[in-house]
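Going by full-length UniProt numbering, the residue at position 40 of the sequence shown is 40; the numbering climbs one at a time, nothing skipped. From the three backbone atoms N, C-alpha and C, an ideal C-beta is built for every residue, glycine too. Notes for the one structure printed next.
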Amino acid sequence: MGKWTGRAAAFADSYVHLCAYTAPALLSAAGLAPGIRLLDVGTGTGTVAALAVAGGATVTAVDAEPGMVELARAVVPEVLHAGLPDLPLPDAAFDAVVANFVVNHVTDPGRAVAELVRLTTPGGRVAVTVWPHPSPPLQQLWNDVMAAVGLTPAPSIIPPSLNFARTAEGVAGLLTGAGLRDVACHTISWTHRTDVDTWWIGPANGMGALGEALAGQDAATVAAARSAYERLAAGFLDDDGALALPTAALLASGRAPSVVR
Ligand SMILES: C[S@@+](CC[C@H](N)C(=O)[O-])C[C@H]1O[C@@H](n2cnc3c(N)ncnc32)[C@H](O)[C@@H]1O
Numbered sequence: 001m002g003k004w005t006g007r008a009a010a011f012a013d014s015y016v017h018l019c020a021y022t023a024p025a026l027l028s029a030a031g032l033a034p035g036i037r038l039l040d041v042g043t044g045t046g047t048v049a050a051l052a053v054a055g056g057a058t059v060t061a062v063d064a065e066p067g068m069v070e071l072a073r074a075v076v077p078e079v080l081h082a083g084l085p086d087l088p089l090p091d092a093a094f095d096a097v098v099a100n101f102v103v104n105h106v107t108d109p110g111r112a113v114a115e116l117v118r119l120t121t122p123g124g125r126v127a128v129t130v131w132p133h134p135s136p137p138l139q140q141l142w143n144d145v146m147a148a149v150g151l152t153p154a155p156s157i158i159p160p161s162l163n164f165a166r167t168a169e170g171v172a173g174l175l176t177g178a179g180l181r182d183v184a185c186h187t188i189s190w191t192h193r194t195d196v197d198t199w200w201i202g203p204a205n206g207m208g209a210l211g212e213a214l215a216g217q218d219a220a221t222v223a224a225a226r227s228a229y230e231r232l233a234a235g236f237l238d239d240d241g242a243l244a245l246p247t248a249a250l251l252a253s254g255r256a257p258s259v260v261r
């Protein structure tokens, strides 16, 4: 079973709201303008693609998980079921290619970004986001819950030899290594507002570092993790009782070379 198999509905109820924050900056970095041909890879429920449609782009979206494709089709006209690193699309077919929190979920990020470059017209833009390391408080909360109940993080799906540092330099290096020019990377910081029960939907459905560590654990361990989560999350409750979690993302972009490699 793939990491995202059967998780579209739970993603739509939880992480989709977190991931949506970077969509405007990602599209701006990709040079969104009316009439451009834009590809959104790993579209999930279609957040970024729908925003690009609203901005006047001609949008194609793809995702490897059928449940995501079904949800995205409700908001984006053209959604393909396809997965990195080999997308069934012609060379240089798009003016801009974006991937919002996707290249950290593939087994060979360098090959995945090279595929985004292949699909981009010479001089066109590729823009991606990934979560940074060290972990901001939102992500660190899951690490703290794991530590509190003695859970070990699941191993990365990316072999060490293919991995990259989750820093501005690391992500810029990933894009440069895939052939992009004029690469820039910066950090976007914000506070994600949710509530204690909604934010638990992710780990309860196998998503995020805690969700992956909880997969296959017995009910007592899951209950202990939930209890540790409630105790630790209490430190992030605002005056209205909402969960306010500071977080950040790395946004990197570059220009496709004039000769497609
Ligand atoms: C964290 S979600 C982000 C979804 C969306 N970009 C957003 O911002 O809401 C990661 C998405 O990447 C998709 N994905 C994972 N591996 C993929 C691959 N190899 N090719 C294409 N999509 C993939 C997942 O199905 C999921 O929809």
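When C-alpha distances from T22 are compared across A61, L251, G150 and D63, the shortest belongs to L251.
Scanning H17, L18, A93 and L27 for the CA closest to the CA of G254 turns up L27. Under the 8 Å Cβ criterion, the region 100-109 counts as touching the region 37-52, having at least three qualifying pairs. DSSP places A252 in the uninterrupted beta strand (DSSP E) bounded by L243 to R255.
Looking only at P77, P137 and A96, the smallest Cα-Cα distance to R118 is reached by A96.
Here the C-alpha atom of V102 lies approximately 7 Å from the C-alpha atom of V130. L84 has its CB nearer than 6 Å to a heavy atom of ligand 1. Straight through space, the alpha carbons of A93 and V196 are spaced by roughly 43 Å. Sequence-distant Cβ neighbours of V183 in its own chain, meaning closer than 6 Å and more than five residues away, are A172, L175, T176 and G254. Under a 10 Å Cβ-count criterion, R181 is classified as exposed, with fewer than 16 other Cβ atoms of the shown protein chains found around its own Cβ. Counting of Cβ neighbours within 10 angstroms places A49 among the buried residues, the total reaching 16 or more. Judged by DSSP secondary structure, F94 falls within the beta strand (DSSP E) whose first and last residues are F94 to N100. The alpha-carbon separation between I36 and G56 amounts to approximately 8 Å. Beta-bridge partners assigned by DSSP to I36: none are found. Distance check between S189 and each of I158, T47 and A248 places A248 closest, using alpha-carbon atoms only. Not one heavy atom of ligand 1 is found less than 6 Å from the C-beta of H133. For V76, the three-state secondary structure derived from DSSP is coil. By the Cβ rule, the region 121-128 does not count as touching the region 145-163, because fewer than three pairs are nearer than 8 Å.
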